[in-house]
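*Asks:* Mind looking over this structure? Questions follow.
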Amino acid sequence: MYKSVILPLAKEDITNADLWYEEKQIGLGKRFTQQVREKVYFIKENPKACYIRYDNVRTAVLNMFPFMLHYIVDENNKTLVISALLHTSRNPDLWKKRGEK
Numbered sequence: 025m026y027k028s029v030i031l032p033l034a035k036e037d038i039t040n041a042d043l044w045y046e047e048k049q050i051g052l053g054k055r056f057t058q059q060v061r062e063k064v065y066f067i068k069e070n071p072k073a074c075y076i077r078y079d080n081v082r083t084a085v086l087n088m089f090p091f092m093l094h095y096i097v098d099e100n101n102k103t104l105v106i107s108a109l110l111h112t113s114r115n116p117d118l119w120k121k122r123g124e125k
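As structure tokens, this is what we get:
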């Protein structure tokens, strides 16, 4: 199994979405965060299961929420670098503007 590193802005993405869902319904933020954990676990076991979408960046869609994890597979270190969690309706090029490739 690969290790995972979630970059600071991706952590911020997760926290912001969690808080937004929790405001909408108590407990929904917790369910959202659990879905993120489950998807991270899945890609740690299956790092190449998701397609490359931009340069070397792969995206994994959450099962119950309209968000995609953006990540790079570092084969040398057997590590996934998660750079963003973006809503599917947002421009996917946003992660590039962060300077977190």
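Quick note, in the numbering used here, the sequence shown goes up one by one and the last residue is 125.
Backbone N, C-alpha and C fix where the C-beta goes; we use that ideal spot for every residue, glycine too.
Could you check what DSSP says for K125 in three-state terms: helix, strand or coil?
*Replies:* Working through the sequence shown from its first residue, we reach residue 125 at position 101. Since pLDDT at K125 reaches only 43, below the 50 mark, its modelled position is unreliable, and no value is offered.
*Asks:* From the DSSP output, in three-state form, read off Y45 for me.
*Replies:* Against the sequence shown, residue 45 aligns to sequence position 21. DSSP places Y45 in helix when its eight states are reduced to three.
*Asks:* Where does K125 land, buried or exposed, given buried means 16+ other C-beta within 10 angstroms?
*Replies:* Taking the sequence shown and counting its residues from 1, one reaches residue 125 at position 101. Per-residue confidence for K125 stands at a pLDDT of 43, beneath the threshold of 50, marking its modelled position as unreliable; the derived number appears in the next sentence. Result: exposed.
*Asks:* Closer than 8 angstroms by C-beta to V29: which residues in its own chain qualify, once you throw out the five before and the five after it? Chain order, please.
*Replies:* As a working note, residue 29 is residue 5 in the sequence shown. Excluding positions up to five away in sequence, the list reads T103, L104, V105, I106.
*Asks:* Which of the three DSSP states, helix, strand or coil, is assigned to A34?
*Replies:* Here the question's residue 34 lines up with position 10 in the sequence shown. Helix, per DSSP.
*Asks:* With a threshold of 8 angstroms (Cβ to nearest heavy atom), would E69 be considered close to the ligand ADP?
*Replies:* The model on display carries no ligand, and the ligand ADP is accordingly not part of it.
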